[in-house]
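Going down the list, the sequences are from chains E and H. In short: position in the first sequence from 1, add 1, done, that's the working numbering. In short: position in the second sequence from 1, add 1, done, that's the working numbering. C-beta: ideal position from N, C-alpha, C; glycine also. A quick write-up on the structure given underneath.
Protein chains: 2
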Amino acid sequence: MEDTFRAEASARLREAGLRATGPRLAVLTAMRRMGGHRTADEVHAGLIEQDVRLPRTSVYNALAALSSAGLVNYADIGPGAAVYETAGEWHHHFVCRRCGAVLDVPCAAGGKPCLTPDIEVGVVEEAQVIFRGVCADCAASA
Amino acid sequence: MEDTFRAEASARLREAGLRATGPRLAVLTAMRRMGGHRTADEVHAGLIEQDVRLPRTSVYNALAALSSAGLVNYADIGPGAAVYETAGEWHHHFVCRRCGAVLDVPCAAGGKPCLTPDIEVGVVEEAQVIFRGVCADCAASA
DNA sequence: CGGTAATCTGGACTGAGTCCAAATCGCGAT
DNA sequence: ATCGCGATTTGGACTCAGTCCAGATTACCG
């Protein structure tokens, strides 16, 4: 099933007009193994740990390709590194100002874009919502 | 009226428990003069241009202080530098994937936070929405 | 199986933001 | 007025995220 997974990923990449290359499949596999929100460097470290030696640049390249193919989502959660996650239900993020924790927040609307601006602004492809505040844990210890 | 502006800003800083220092007022004045969305470095450059010599670090410090006092808003609009804008009507942003243009999108709800997560996650102080897509100008030339 | 354009590689580089320790300055108290 | 203390500023060095480039590789089409 590891194989069916890779085969399906390859197909999806090709559908998007991209080649199914080694680095891209490696990054995708690593992300599925690690789960959750991951920075590019975390993915890179995860690969090294599994003895998959890949230059940092290639991880960035692969993530960009996977993201444009819709296989991973890119989320800019504020200062610091951006995070990627394997594509699934479209959702939003809550970021704790105190501890930096990132929590998923389900999106009521489900699809992309889940919100539409009140004004005509061009073609809206997606709407990302970032909630900022203090998470339950931090609120408790204050 | 330049003076009443600074006096009011000083008062607001002190209300927030912060000192009304030179750099902070200088940054605030520069931001008001420049208007729109500005990165920290743009604000810095704007100050230099007016012969207000201030280290880059101080601009960052001042922006952080002003932001926590609610005098400026911080907006993380994606890869690259974060932008600040003088606080006014709470609104959101549309970012063009092609040209990087940033457009204001009025917020229907008006106040902060204008959205609430469907799940209990802690104390939500604000919700920032980033719309991504292709702006009208870029869409026209494609 | 071969050609070719897309992609990878790795090192150098840029740009945004942070850290630190000494100097300075606001502001409440005297 | 001015004193003193602690918040803030300074400026330089530094870290970290991400990009650029040019030559080597490689996936895919025919």
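Residue of H:GLU126, H:VAL28, H:GLU50 and H:GLY36 minimising C-alpha distance to THR58 (chain H): Within the second sequence, numbered from 1, the residue matching residue 58 (chain H) stands at position 57. Among H:GLU126, H:VAL28, H:GLU50 and H:GLY36, the Cα nearest to that of THR58 (chain H) belongs to H:VAL28.
Through-space distance from ARG25 (chain E) to GLU16 (chain E), alpha-carbon basis: Here residue 16 (chain E) corresponds to residue number 15 of the first sequence, with the count starting at 1. Here residue 25 (chain E) corresponds to residue number 24 of the first sequence, with the count starting at 1. Those two C-alpha atoms are separated by around 14 Å.
Minimum Cβ-Cβ distance from PRO114 (chain E) to chain H less than 8 Å: Here residue 114 (chain E) refers to the residue found at position 113 of the first sequence. So, interface residue.
Between the CA atoms of HIS38 (chain E) and ALA102 (chain E) - distance to the nearest angstrom: Along the first sequence, one-based indexing puts residue 102 (chain E) at 101. Along the first sequence, one-based indexing puts residue 38 (chain E) at 37. Between ALA102 (chain E) and HIS38 (chain E), the C-alpha separation is close to 10 Å.
For GLN129 (chain E) and TYR61 (chain H), the rounded distance between their alpha carbons: For the purposes of this step, residue 61 (chain H) is taken as residue 60 along the second sequence, with counting starting at 1. For the purposes of this step, residue 129 (chain E) is taken as residue 128 along the first sequence, with counting starting at 1. Their Cα atoms are separated by approximately 26 Å.
Option in H:ARG99, H:ALA110 and H:GLU121 with minimal Cα separation from GLU126 (chain E): For the purposes of this step, residue 126 (chain E) is taken as residue 125 along the first sequence, with counting starting at 1. Per the Cα distances, H:ARG99.
Straight-line gap, VAL84 (chain H) to SER142 (chain H) (C-alpha atoms, nearest Å): Within the second sequence, the letter at position 83 stands for residue 84 (chain H). Within the second sequence, the letter at position 141 stands for residue 142 (chain H). Roughly 27 Å between the two C-alpha positions.
The ligand ADP heavy atom lying under 7 Å from the CB of LEU55 (chain H): Questions concerning the ligand ADP fall outside what the structure shown contains, since it holds no ligand whatsoever.
Buried or exposed by the 16-neighbour rule on C-beta atoms within 10 Å, applied to GLY81 (chain H): Taking the first residue of the second sequence as 1, we reach residue 81 (chain H) at position 80. Per the 10 Å Cβ criterion, exposed.
CB contact below 8 Å: VAL84 (chain E) versus chain H: As a working note, residue 84 (chain E) is residue 83 in the first sequence. With 8 Å as the cut-off, VAL84 (chain E) does not count as an interface residue toward chain H.
At least three beta-carbon pairs within less than 8 Å, the segment 106-125 of chain E to the segment 129-139 of chain H: yes
Contact check, VAL96 (chain H) vs GLY79 (chain H), beta carbons under 8 Å: Against the second sequence, residue 96 (chain H) aligns to sequence position 95. Against the second sequence, residue 79 (chain H) aligns to sequence position 78. Contact: yes.
Proximity of PRO118 (chain E) and VAL106 (chain H) at Cβ, strictly below 8 Å: Taking the first sequence and counting its residues from 1, one reaches residue 118 (chain E) at position 117. Taking the second sequence and counting its residues from 1, one reaches residue 106 (chain H) at position 105. Yes.
Close beta carbons around GLY36 (chain H), own chain, < 6 Å, minus the five adjacent residues each side: As a position in the second sequence, residue 36 (chain H) is number 35, starting the count at 1. So no residue of the chain qualifies.
8 Å contact criterion, which ALA10 (chain E) and LEU72 (chain E) should meet: CB distance rounded: As a first step, residue 10 (chain E) is located in the first sequence; it is residue number 9 there, counting from the start. As a first step, residue 72 (chain E) is located in the first sequence; it is residue number 71 there, counting from the start. Yes, they are in contact, since the Cβ atoms of ALA10 (chain E) and LEU72 (chain E) sit about 6 Å apart, within 8 Å.
Boundaries of the alpha helix (DSSP H) in which GLU9 (chain E) is found, first to last residue: Residue mapping note: residue 9 (chain E) aligns to position 8 of the first sequence, counting from 1. Start and end: 3-16.
Anticipated Cβ contact below 8 Å, GLU90 (chain H) with ALA76 (chain H), distance rounded: Counting from one through the second sequence, the residue named residue 90 (chain H) turns up at place 89. Counting from one through the second sequence, the residue named residue 76 (chain H) turns up at place 75. Actually they are not in contact, since the Cβ atoms of GLU90 (chain H) and ALA76 (chain H) sit about 13 Å apart, beyond 8 Å.
Positions along the segment 88-102 of chain E whose CB lies within less than 7 Å of some CB in chain H: PHE95 and CYS97
Beta carbon of HIS94 (chain E) nearer than 8 Å to that of CYS108 (chain E): Counting from 1 along the first sequence, the entry for residue 94 (chain E) is found at position 93. Counting from 1 along the first sequence, the entry for residue 108 (chain E) is found at position 107. It is not a contact, given that the beta carbons lie outside the stated cut-off.
Residue span of the beta strand (DSSP E) that contains ILE49 (chain E), given as start and end: Looking up residue 49 (chain E) in the first sequence gives position 48. That residue, ILE49 (chain E), is in no beta strand (DSSP E); its alpha helix (DSSP H) goes 41-50.
Check whether LEU14 (chain H) and ALA41 (chain H) have beta carbons under 8 Å apart: Looking up residue 14 (chain H) in the second sequence gives position 13. Looking up residue 41 (chain H) in the second sequence gives position 40. For LEU14 (chain H) and ALA41 (chain H), no; Cβs fall outside 8 Å.
Where the alpha helix (DSSP H) containing VAL60 (chain H) begins and where it ends: By 1-based counting over the second sequence, the position of residue 60 (chain H) is 59. Taken as a continuous stretch (DSSP letters only), the alpha helix (DSSP H) holding VAL60 (chain H) covers 57-69.
Min CB distance VAL72 (chain H) to chain E below 8 Å: Stepping through the second sequence from its first residue, residue 72 (chain H) is reached at position 71. According to the sequence shown, residue 72 (chain H) is Leu rather than Val. Cβ-Cβ to chain E under 8 Å: no for LEU72 (chain H).
Strand pairing of GLU127 (chain E), partner residues [DSSP]: Within the first sequence, residue 127 (chain E) is the residue found at index 126, counting from 1. Bridge partners of GLU127 (chain E): H:ARG133.
Residues sharing a beta bridge with ASP105 (chain E), DSSP: If you number the first sequence from 1, residue 105 (chain E) lands on position 104. Per DSSP, E:HIS94.
Cβ-based burial, ALA31 (chain H) [other Cβ within 10 Å; buried from 16]: Taking the first residue of the second sequence as position 1, residue 31 (chain H) is located at position 30. Buried: at least 16 other Cβ atoms inside 10 Å.
Member of H:LEU116, H:ASP138 and H:ALA110 whose CA lies at the smallest distance from the CA of GLU121 (chain E): Along the first sequence, read from residue 1 onward, the residue named residue 121 (chain E) stands at position 120. Nearest C-alpha to GLU121 (chain E): H:ASP138.
Pairwise C-alpha distance: LEU19 (chain E) and ARG33 (chain H): To locate residue 33 (chain H), count along the second sequence from 1; it is residue 32. To locate residue 19 (chain E), count along the first sequence from 1; it is residue 18. Approximately 46 Å between the Cα atoms of the pair.
From H:GLN51, H:ASN74 and H:ALA12, residue whose alpha carbon lies closest to that of LYS113 (chain H): Sequence index remark: in the second sequence, residue 113 (chain H) carries index 112 (1-based). The shortest C-alpha separation from LYS113 (chain H) is found at H:ASN74.
Cutoff 8 Å: GLU127 (chain H) Cβ touching any chain E Cβ: Numbered from its first residue, the second sequence carries residue 127 (chain H) at position 126. Cβ-Cβ to chain E under 8 Å: yes for GLU127 (chain H).
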